[in-house]
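A.B. asks:
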Amino acid sequence: MVGEEIVTSGSTSCQGCGHAILARLAFKAFGRKTIFTLVPGCIWITLSRNIPLFSTGTVFEGGGALVSGITNGLAARGIEDMNVVAFYGDGGTADIGLQGLSGAAERNENVFWICADNQAYMNTGGQRSGATPKYAQTTTTPASYIRRGKRTKRKNLPFIVAAHDVAYVGTASIAYPSDLVGKIEYAKGLKGFKFLHVQSPCPTGWGFSPSDTIKVARLTVQSGIWPLFEITEGNDFRLTYKPRELKPVGEALGLQRRFRHLTDGESQEIQSRVNGQWKQLLEIDGKRLPY
Amino acid sequence: MVGEEIVTSGSTSCQGCGHAILARLAFKAFGRKTIFTLVPGCIWITLSRNIPLFSTGTVFEGGGALVSGITNGLAARGIEDMNVVAFYGDGGTADIGLQGLSGAAERNENVFWICADNQAYMNTGGQRSGATPKYAQTTTTPASYIRRGKRTKRKNLPFIVAAHDVAYVGTASIAYPSDLVGKIEYAKGLKGFKFLHVQSPCPTGWGFSPSDTIKVARLTVQSGIWPLFEITEGNDFRLTYKPRELKPVGEALGLQRRFRHLTDGESQEIQSRVNGQWKQLLEIDGKRLPY
Amino acid sequence: MIEIRLHGRGGQGAVTASRLLATAAFLEDKHSQSIPMYGTERRGAPVTAFVRIGEKDKMVRSLIHEPDYVVVLDSLLRKTVNITEGLKDDGMLILNSSVPPEEIELLKPYKVATVDATGIALETLGRPITNTAILGAFVKATGEIGLESVIEAVKQQWKGTLGEINVKAVEAAYEATEVGDPKIVAEVVGEKAPAGSRADWRTFRPVVDLEKCTGCRLCWVYCPEHCIEMVDDKSVIDYAYCKGCGICVEECPVGAIEMKSESERGE
Amino acid sequence: MIEIRLHGRGGQGAVTASRLLATAAFLEDKHSQSIPMYGTERRGAPVTAFVRIGEKDKMVRSLIHEPDYVVVLDSLLRKTVNITEGLKDDGMLILNSSVPPEEIELLKPYKVATVDATGIALETLGRPITNTAILGAFVKATGEIGLESVIEAVKQQWKGTLGEINVKAVEAAYEATEVGDPKIVAEVVGEKAPAGSRADWRTFRPVVDLEKCTGCRLCWVYCPEHCIEMVDDKSVIDYAYCKGCGICVEECPVGAIEMKSESERGE
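Protein chains in written order, with our numbering: chain A, 282 to 572; chain B, 282 to 572; chain C, 921 to 1187; chain D, 921 to 1187.
1. So, is residue 335 of chain A buried or exposed, given that buried needs 16 or more other C-beta atoms within 10 angstroms?
2. Rounded to the nearest angstrom, what separates residue 1178 of chain D and residue 1136 of chain D at their Cα positions?
3. Do you know how far the Cα of residue 958 of chain D is from the Cα of residue 302 of chain A?
4. Would you mind reading off the limits of the alpha helix (DSSP H) that contains residue 935 of chain C?
5. Buried or exposed for residue 470 of chain B, please, with buried defined as at least 16 other CB atoms from any protein chain shown within 10 angstroms of its CB.
6. Where in the region 402–485 of chain B do unbroken runs of the alpha helix (DSSP H), each at least 4 residues long, occur, reported from the N-terminal end onward?
7. Identify every run of the beta strand (DSSP E) within the region 1001–1046 of chain D, keeping only runs that are complete inside it and at least 3 residues long; order them along the chain.
8. Residue 565 of chain A versus chain B: which residues are under 8 Å apart at the beta carbon?
9. Heavy atom of the ligand FMN less than 7 Å from the Cβ of residue 350 of chain B, yes or no?
10. Indicate whether at least one CB of chain B lies closer than 8 Å to the CB of residue 514 of chain A.
11. Run through DSSP, which three-state label would residue 997 of chain D get?
12. Measure from the alpha carbon of residue 342 of chain B to the alpha carbon of each residue in B:349, B:313, B:378, then state which is nearest.
13. Looking at the unbroken beta strand (DSSP E) that takes in residue 487 of chain A, where does it start and where does it end?
14. Taking only beta-carbon atoms, is residue 383 of chain B less than 8 Å away from chain A?
15. For residue 496 of chain A, which residues in chain D fall below 7 Å Cβ to Cβ?
16. Is residue 1079 of chain C helix, strand or coil by DSSP?
17. Just to check my reading of the structure: residue 502 of chain B and residue 284 of chain B have Cβ atoms closer than 8 Å, yes? What is that Cβ distance to the nearest angstrom?
18. Can you tell me which residues form a DSSP beta bridge with residue 516 of chain A?
19. Report the three-state DSSP secondary structure of residue 285 of chain B (helix, strand or coil).
20. Cβ atoms of residue 288 of chain B and residue 305 of chain B: under 8 Å apart, would you say?
21. Contact between the region 932–940 of chain D and the region 1047–1056 of chain D: three or more CB pairs below 8 Å?
22. Taking 7 Å as the limit between beta carbons, can you name the residues of its chain near residue 1139 of chain C, skipping five residues before and five after?
23. Just to check my reading of the structure: residue 375 of chain A and residue 346 of chain A have Cβ atoms closer than 8 Å, yes? What is that Cβ distance to the nearest angstrom?
24. List, in chain order, every chain D residue whose beta-carbon is nearer than 7 Å to that of residue 305 of chain A.
25. What is the C-beta distance between residue 340 of chain B and residue 386 of chain B, in whole angstroms, given that I count them as a contact (C-beta under 8 Å)?
26. Quick check: what's the CA-CA separation for residue 930 of chain D versus residue 1042 of chain D?
27. Taking the C-alpha atoms as reference points, what is the distance between residue 370 of chain B and residue 1049 of chain D?
28. For chain A, check one thing: does any of its Cβ atoms lie closer than 8 Å to the Cβ of residue 1185 of chain D?
29. Check each residue of the region 291–316 of chain B: if its Cβ is closer than 7 Å to any Cβ of chain C, include it; give the result in chain order.
30. In angstroms, rounded to a whole number, what distance separates the CA positions of residue 402 of chain B and residue 485 of chain B?
31. Between which two residues does the alpha helix (DSSP H) holding residue 302 of chain B run?
32. Under 8 Å between the Cβ atoms of residue 926 of chain C and residue 991 of chain C?
33. Between residue 1094 of chain D and the rest of its own chain, which residues show a CB-CB distance below 8 Å, the 5 nearest in sequence each way excluded?
34. With a Cβ-Cβ cutoff of 8 Å, do residue 492 of chain A and residue 1165 of chain D count as a contact?
35. Applying the 10 Å Cβ sphere with the 16-neighbour rule, what's the burial state of residue 1005 of chain C?
36. Rounded to whole angstroms, how far is the Cβ of residue 447 of chain B from the Cβ of residue 406 of chain B, which I believe are closer than 8 Å?
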């Protein structure tokens, strides 16, 4: 794990915050020649005070426009050696920021968009987002006898972005720091739109002990809930972590209070969906996507 | 071509407007048990005065919310036998409406979303949209010695929507009315989010004679520029029109003033992109998509 | 200061005509404004534009409500649009019409200039785009702008052949324009059309040869206007709603439909 | 009317405590309000909430600026937050503290009640969530609300075992609370911490056994706070910035790091 430590101590993120770990790892990979942009969310709180690099922020909807403006401004001034990074949450990427993301991806802007995904609007009390998984309990998707948490699956962001045919799409986890850092180091050298979707477990919102952040992240990867892969230019798909056998999803889900209400049937449904998806991913591993 | 004629004469759409043909065909398939919603654009002009069914409209951004509210309101009142149709343009679907579309697709709302795609903001003078193809000249992407029309490809809407794992995704063309009507008649019976992306050539904006609307539409299909396919539940992909041999793209492009500036090299680039994409589509024909 | 209102249809180039006229004035060291009427421009639908020419400190920035001149690019338009609205009492109408001024029926004794701009456009450009021809008529009838200035403006707008043939249209119209007094009548009667009729959008109309028609219904399928009905297995067109797009002509597999000029029907 | 301000940290349940107190008052047929302070609630970060209890026509709708009582759920919080701000001269402080009231240092002679709510919470609930224990202390110290009402409110909030153990926390704190007069001093001195220090976020601190540490750097890799440095190939923690999350303890492959209670260090 090389790379200069750019993030300093003293952020106001929660104890055990996954975003804080992601921030340290990501900026090690980007280095000092980096400008980054923010939109509201926990990741703003995490990054806004203790990184000695130029950054600026805007409203949720404006994230795609802001980062596009900066990269084009730098290009107009002949500055080519800066990483221009959009460091937004799932709200700023999958929901309120999706339109700006899609526009920037269509224009293939020369930016690196990182989605720090804690799977709900954790900064405002934990409302569900488009990245919240099915059955997860949030303040807006409560669980009771008749309601079972969130009704539908989370948006498949990497494939939505990949359908825009951009320079790079990847997923990563804070429990696999070499994979995460390696993906950034590789993709930051590409010209065009780069997208990295990083799962960032949230002790406060998901309901687990702050000491278990890495454990939860690791179990979601090992169980296939959060597969690690990348889609490089030309839409070549490659799994970057292939366990011989997946762990049961129950190990990861059982640690999280947001899934406490799951019935056996519901756990089983998640298990078979994950199994089916994993099989599909293995089939296309090393192949080109059909668009 | 069965089905009651629901659209009456006297719309104020342009001479030879593709939307007007689409409207007639689509409402034949939907029938009278239909409520539809509108957002600004040529399709609003085409549909708003001469269809004796309930409709309502809102701002560009609100299309997904409006149609979702109507279907949920009907469901709350126990009304199950209405088609709830979002009939929007490419601006209201691929750009300003994309966020609402994505949210409705994520929630798998029980609606039928038709994108009447004339590939630019034709109602306001022909500004480029996310659906404008590469190299097309619009009022905001002029062609000159150094500028070559639109810089990047159009958004791959059907695959973006399909990545949301919805009930139905299809493409259609007004030059293939049986295919178009058949897709609506099949999909309107499914529960959940249905999406049909219909190319609707625009004599005014694309720059061809109003008498050539169907000819242009047919040539884009026959050349593979606008492939006809559908993606049914479970993400099964199927081409619905497979010519033995594709016509050269030049036949379709040559009719359109927006492509008049193309160099041989640029035409060749379009030709090989279309060829490559067609090969990919043939490969996955009859197979399941990997997500 | 003079104020001009132009009436046309989407596709005839009324907005371009207003820009050319303002440019021509500018080339004569005058101040000028070209003002398109904000709205959605549909091919075939009525379009309005304005030009104001004068001195710098007398120029206001507004639409024109009481024009000195009204220029009409389309021969059928005055059946549906009140083209004399607000025209000053000593104002003049410049009309695209194949009849002499004396046969134009008006309620008030405005001066009238006429020219067959459609005929000239078809002859010089090959398409019924009447904007440059009508400018030749404007120059001849009003004398407010020099012919050379308009020709220069046209050349700046279009290079090469396109510029040349448009200059020909200006010149031909300049030669052919007649000025005179209209026929004063108590009421101007247009065609009686049903509500929502689009008959006046047409320059050409499709005509079905019932002998050749096989009743295949393809024209019916593709008609954007739903104005073709099958009667006794033959295609019958409702001309009240036909906009004259010509898709039926293009798609008819046996060549049973032909486009015919509306003006052949006379006015 | 009485007005109460509660101080806690994200995760200790200050907002829930305010709701329980308001509910208990409601159960005694009083009017009451529970008011959370708007802001982003981070686990470990200071949180404020308010309760107002009184008669219907005297209730205003505002934050509370001059409380009668201040309730503090965290034993270390008063080192960084001015907990007596605006407290009325005859007001009372109810503190989570393991020392008797007489050892609490204050600038003014407020009445003080203390209870080791953290110890009670760990004993009854197994977690340092002090909101129900501190309510037992409030009841004992102030007499403003009956013990039975608070217990009933707790039972309505949590059914089953969770309710029972919280009732035990209320009762144990009620028994253990002491009321008295503080030690009046000229200046209240907190720990001197560097700018941006998060030391006061901790209830527990990780302690490295340097004998066992193999220098594998995994704790350094995963530390969210960048407060672990490798010195002579051993992990050294900067306690000024450690928030006490415990990830290093969990991820250390040789069990070289242990969590130890901050209160064991005394106040």
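Backbone N, C-alpha and C define an ideal beta-carbon position, used for all residues, glycine too.
C.D. replies: Concretely, from the data shown:
1. With fewer than 16 Cβ atoms within 10 Å of its Cβ, residue 335 of chain A is classed as exposed.
2. 16 Å
3. 27 Å
4. 934–947
5. Counting Cβ neighbours within 10 Å, residue 470 of chain B comes out exposed, since fewer than 16 surround it.
6. Entirely contained in the region 402–485 of chain B, the alpha helix (DSSP H) runs reaching 4 residues are, in chain order, 438–443, 458–468.
7. Listed in chain order, they are 1012–1016, 1031–1035.
8. By Cβ distance, chain B contributes 571.
9. Of ligands this structure carries none, so the ligand FMN is not represented either.
10. no
11. helix
12. B:378
13. No beta strand (DSSP E) contains residue 487 of chain A, which DSSP labels as neither H nor E.
14. A Cβ of chain A is located within less than 8 Å of the beta carbon of residue 383 of chain B.
15. 1170
16. coil
17. About 22 Å separates the two Cβ atoms, so there is no contact after all.
18. DSSP lists no partner for residue 516 of chain A.
19. Shown here, residue 285 of chain B sits in coil according to DSSP, grouped into three states, outside any helix or strand.
20. yes
21. yes
22. 1148, 1155, 1168, 1171, 1172, 1177
23. Incorrect: roughly 17 Å between the Cβ atoms, too far for contact.
24. 1146
25. Rounded, the Cβ-Cβ distance is 19 Å, inconsistent with contact.
26. Cα to Cα, the separation comes out at about 17 Å.
27. Computed Cα separation, rounded: 54 Å.
28. Below a pLDDT of 50, predicted positions are generally treated as unreliable, and residue 1185 of chain D, at 46, falls in that range; the measurement from the model is reported next regardless. Not closer than 8 Å to any Cβ of chain A, the Cβ of residue 1185 of chain D fails to qualify, so no.
29. 291, 293, 294, 295, 296, 297, 298, 301, 302, 305
30. Cα-Cα distance, rounded: 12 Å.
31. 299–311
32. yes
33. 1056, 1057, 1059, 1060, 1067
34. Contact flag set, yes.
35. exposed
36. Incorrect: roughly 33 Å between the Cβ atoms, too far for contact.
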